[in-house]
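The listed protein sequences derive, respectively, from chains A and B.
Just so we're aligned, residue 9 is where the first sequence starts under the numbering used here, counting upward by one.
Just so we're aligned, residue 36 is where the second sequence starts under the numbering used here, counting upward by one.
Each residue gets a CB set at the ideal place from its N, CA and C atoms; glycine is no exception.
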Amino acid sequence: MGRRWGSAMRAAELTGCVVSASRAGQPEAGSWSCSGVVLSRSPGLVLCHGGIFTPFLRAGSGALTADGAAFLPGNSCTDDLRLHVLWSPTAASSSGRAERGRPGLCTPQC
Amino acid sequence: AGLEPGPLTRPRGPPLQPPRPAELLLLLSCPAFRAHFASLFGGEAAELWRFAGAAPDDEVSEDEEEDQLRALGWFALLRVRPGQEDEAKDRGPAVAVAPLGAVSKGAPLLACGSPFGAFCPDIFLNTLSRGVLSNAAGPLLLTDARCLPGTEGGGVFAVRPAGALVALVAAPLCWKVREWVGLSLLCAAAPLIQAARVVLSSLPSDAATLAALLPPEEGAPWGLPLNDPVPQGAASAVLVECGTVWGSGVAVTPRLVVTCRHVAPREGARVLVWSTTPKSAQIWGHVVFATQETSPYDIAVVSLEKELDGVPRPVPAENFHEGEAVSVVGFGVFGQTCGPSVTSGILSAVVQVDDTPVMLQTTCAVHGGSSGGPLFSTYSGDLLGIVASNTRDNNTGATYPHLNFSVPITVLQPALQCYSQTGDLGRLRELDNAPDPVRVVWRLQRPLPEAPRSKL
């Protein structure tokens, strides 16, 4: 993409991540996931979208639109919330081999 | 879908490290974002808009949709458990943040997200998409970079300030009156991180120490300014209101505005023209010319009662290059409330009859309200054409914003010049008698007796 985009691409590669939320002990309930930004790697600090937390809010999603609500502490979610963050290593290289995707999403020949 | 154990060897780089456990520190929102969201998309407009990870026809329960809407402007700050191999060199903020307003409309942006979230991270993690800042209302930003469900929360980065975090994706897809708009909704990062800094500092001590890790805002100057002529072009875009219909237009001279016939169809009708740059102005005018319904060219010309001050005169292009970078400026999406939006793409086709360009197609996102607006060359800033329509599949009702059609300015320029110099409409009237081959090219514009037209 050329030098013009170099810094932006580097920043994106360094800070991009995926966040997944699930319920402890209930793998069958599935999980919710979204993208995020690594604000600091060590110690690890990530900012991601709040939508994946609505199923875990103790007071339900109504807490998000309560008057004057600008933030909710971490314990606003139930104790069975489990979070995982996946980010790419800091050094990018082109090694590796291709793998086909999983069922549920396909890339039809067109 | 969740983080699947899946293959950790990665076709796009070194192997992924196993996912790390994390804890939720806080959920936060940007009050200014939510206020702008409410004013632009709330109230009466709420019915028109849909923001969701799924298309309007997908099965999403009302509760789910309501949850999604409530959470749209909320973000979460997480603390990630340290890994063994955390290296000293990784300490400290991983990115700088662009101050609010540092990126101008039309400036290039890079979005980075993982479509479908944790599904297939070896393929989808950190997928990039390029676009521009299409519009801004405070910290509520719009971009035409393609974002998909799962990229919510992904970062959007600037070319200038180089590599600075500008925003996070709030809603990747939005529909207006069931038409896909082709823009993604973003929340500016600076006010969000500032809100996090304030809240963290008020929490017990170990959380407060994290406040120091939050990335700083990039100080000015942000390197050489981009020589982007688009903002200049955007200044000649105006909003045209005729009765209850409104659309976009181009001030080709301080007293003459070109728009589409379906925006201002009746000669003699009074029209109100709004310009927003360099300052907000409203000037009355009247339609001096509108092509016939049977003409292939959907064009109208408005003469203003007084001059539009300070609006730069666009330079009409003389030739077109398929594949060149182009930008469309139009008042779709927000109408008068927020100034024109800019979308970017390439000139995907120049359709000719007898070696004369008679239709331009682009990949810019063009949506309802954009018709009549200007199509520019991104690099030269020259005016290429007048946007006439995007595309709709009358069988499915699906709209394709990224396939749209413009009238080349070379078709209009001689007639406009003649009229503005002599007041003679003769050359404009010739547009009603375009030869048949031209009609064939523009045939999709003609009303189908039983189905709605592909109009903006």
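Alpha carbon of B:T445 to alpha carbon of B:F159, nearest angstrom: Within the second sequence, numbered from 1, the residue matching residue 445 of chain B stands at position 410. Within the second sequence, numbered from 1, the residue matching residue 159 of chain B stands at position 124. Taking the straight line from one Cα to the other gives about 44 Å.
Kindly indicate which three-state DSSP category B:P143 falls into: helix, strand or coil? Numbered from its first residue, the second sequence carries residue 143 of chain B at position 108. Strand at B:P143.
For A:S84, which of A:P97, A:A32, A:T62 and A:A29 has the nearest alpha-carbon? Locating residue 84 of chain A in the first sequence gives position 76, where the first residue counts as 1. If we check each option's Cα against that of A:S84, A:T62 comes out closest.
Going by other Cβ atoms of all chains shown within 10 Å of its Cβ, with 16 needed for buried, is B:T434 buried or exposed? Within the second sequence, residue 434 of chain B is the residue found at index 399, counting from 1. Buried, because 16 or more other Cβ atoms sit within 10 Å of the Cβ of B:T434.
Quick one: is A:A100 near chain B, going by C-beta distance under 9 Å? As a position in the first sequence, residue 100 of chain A is number 92, starting the count at 1. Note that A:A100 scores a pLDDT of 37, beneath 50, so its modelled location is shaky; the value from the coordinates is reported in the next line. Cβ-Cβ to chain B under 9 Å: yes for A:A100.
Along chain B, which residues have their Cβ under 7 Å away from the Cβ of A:A78? Numbered from its first residue, the first sequence carries residue 78 of chain A at position 70. Those are L63, S64, P66 and A230, listed as they occur along chain B.
Taking 6 Å as the limit between beta carbons, can you name the residues of its chain near B:S64, skipping five residues before and five after? The residue labelled residue 64 of chain B in the question sits at position 29 within the second sequence. For B:S64, where only same-chain residues beyond five positions count, the Cβ hits under 6 Å are G108 and W109.
On the three-state DSSP scale, how would you describe B:A230? As a working note, residue 230 of chain B is residue 195 in the second sequence. B:A230: helix per DSSP, three-state reduction.
Can you name the start and end residues of the alpha helix (DSSP H) that B:F76 belongs to? The residue you call residue 76 of chain B lines up with position 41 of the second sequence. Looking at the DSSP string, the run of the alpha helix (DSSP H) that includes B:F76 is P66 to F76.
Taking 8 Å as the cut-off, is the beta-carbon of B:G188 closer than that to any non-hydrogen atom of the ligand MN? Absent from the structure shown: the ligand MN. Ligands present: none.
Buried/exposed call for B:P196, threshold 16 Cβ in 10 Å: Locating residue 196 of chain B in the second sequence gives position 161, counting from the first residue. By the 10 Å Cβ count, B:P196 comes out buried.
Residue-chain proximity (B:A180, chain A), Cβ-Cβ < 9 Å: On the second sequence, residue 180 of chain B is found 145 positions in, with the first residue counted as 1. No, B:A180 does not count as interfacial toward chain A.
Taking a contact to mean a Cβ-Cβ separation below 9 Å, would you say B:L59 touches A:L53 in this structure? Locating residue 59 of chain B in the second sequence gives position 24, where the first residue counts as 1. Locating residue 53 of chain A in the first sequence gives position 45, where the first residue counts as 1. Their beta carbons are not under 9 Å apart, which means B:L59 does not touch A:L53 by this criterion.
Length of the line joining the Cα atoms of A:R110 and B:P53: Your numbering for residue 110 of chain A matches position 102 in the first sequence. Your numbering for residue 53 of chain B matches position 18 in the second sequence. Residue confidence is low: A:R110 scores 40 on pLDDT, short of 50, so the model does not pin down where it sits. No coordinate-derived value is stated.
Positions along the region 63-76 of chain A whose CB lies within less than 7 Å of some CB in chain B: S69, L72 and T73
Can you find a C-beta in chain B that's less than 9 Å from the C-beta of A:E36? Against the first sequence, residue 36 of chain A aligns to sequence position 28. Cβ-Cβ to chain B under 9 Å: no for A:E36.
Any C-beta of chain B sitting closer than 9 Å to the C-beta of A:L47? Mapped onto the first sequence, residue 47 of chain A falls at position 39. Cβ-Cβ to chain B under 9 Å: yes for A:L47.
Can you tell me which of the three DSSP states B:P134 falls into? Along the second sequence, one-based indexing puts residue 134 of chain B at 99. Looking at B:P134 - three-state DSSP - the assignment turns out to be coil, as it is neither helix nor strand.
For B:W309 and B:W319, I'd like the C-alpha separation in whole angstroms. Against the second sequence, residue 309 of chain B aligns to sequence position 274. Against the second sequence, residue 319 of chain B aligns to sequence position 284. When rounded, the distance between both Cα atoms is 9 Å.
Given a cut-off of 9 Å, decide if B:V388 and B:V476 are closer than it, judged by their beta-carbon atoms. The count along the second sequence starts at 1 and reaches residue 476 of chain B at position 441. The count along the second sequence starts at 1 and reaches residue 388 of chain B at position 353. Closer than 9 Å, so yes.
When burial is assigned at 16 or more other CB atoms within 10 Å of the CB, is B:A106 buried or exposed? Taking the first residue of the second sequence as 1, we reach residue 106 of chain B at position 71. So B:A106 ends up on the buried side.
CB-CB under 7 Å to B:G301, same chain, minus the five flanking residues each way: which ones, in chain order? The residue you call residue 301 of chain B lines up with position 266 of the second sequence. Note on residue identity: the sequence assigns Arg, not Gly, to residue 301 of chain B. Around B:R301: V322 and A325.
Taking any Cβ of chain A, which residues in the region 182-193 of chain B have a Cβ under 7 Å from it, in chain order? G185, T186, E187, G188, G189, G190, F192 and A193
For the region 364-379 of chain B and the region 438-452 of chain B, state whether three or more C-beta atom pairs, one from each stretch, are separated by less than 8 Å. no
Throw me the rounded Cβ distance for the B:G188 and A:V27 pair, which I believe falls under 8 Å. Here residue 188 of chain B refers to the residue found at position 153 when the second sequence is read from its first residue. Here residue 27 of chain A refers to the residue found at position 19 when the first sequence is read from its first residue. Correct: roughly 7 Å between the Cβ atoms.
Under 9 Å, do B:P331 and B:V393 count as touching if we go by C-beta distance? The count along the second sequence starts at 1 and reaches residue 331 of chain B at position 296. The count along the second sequence starts at 1 and reaches residue 393 of chain B at position 358. In this structure, B:V393 lies closer than 9 Å to B:P331 by Cβ.
Would B:V306 and B:A316 qualify as a contact pair, given that the criterion is a beta-carbon distance under 9 Å? Position 271 of the second sequence, counting from 1, holds the residue named residue 306 of chain B. Position 281 of the second sequence, counting from 1, holds the residue named residue 316 of chain B. It is not a contact, given that the beta carbons lie outside the stated cut-off.
Let me check understanding here. Comparing Cα to Cα, which of B:R462, B:A450, B:N429 and B:D459 lies closest to B:E214? The residue you call residue 214 of chain B lines up with position 179 of the second sequence. For B:E214, the nearest C-alpha among the options comes from B:N429.
Kindly identify the DSSP beta-bridge partner or partners of B:F86. Counting from 1 along the second sequence, the entry for residue 86 of chain B is found at position 51. Beta-bridge pairing links B:F86 to B:C209.
Could you list the residues in the region 430-444 of chain B with a C-beta less than 7 Å from some C-beta on chain A, going in chain order? none
Whose C-beta lies closer than 7 Å to the C-beta of B:A202 among residues of the same chain, with five residues either side of it excluded? Within the second sequence, numbered from 1, the residue matching residue 202 of chain B stands at position 167. Only L176, V191, L221, C222, A223 and A224 meet the Cβ criterion.
Through-space distance from B:A243 to B:E101, alpha-carbon basis: Taking the second sequence and counting its residues from 1, one reaches residue 101 of chain B at position 66. Taking the second sequence and counting its residues from 1, one reaches residue 243 of chain B at position 208. Cα to Cα, the separation comes out at about 33 Å.
Have a look at the DSSP bridge pairing and note the partners of B:Q396. Position 361 of the second sequence, counting from 1, holds the residue named residue 396 of chain B. Paired residues: B:A384 and B:F440.
Report the neighbours of A:R12 on chain B: residues whose CB is nearer than 8 Å to its CB, in chain order. Within the first sequence, numbered from 1, the residue matching residue 12 of chain A stands at position 4. Those are P143 and V194, listed as they occur along chain B.
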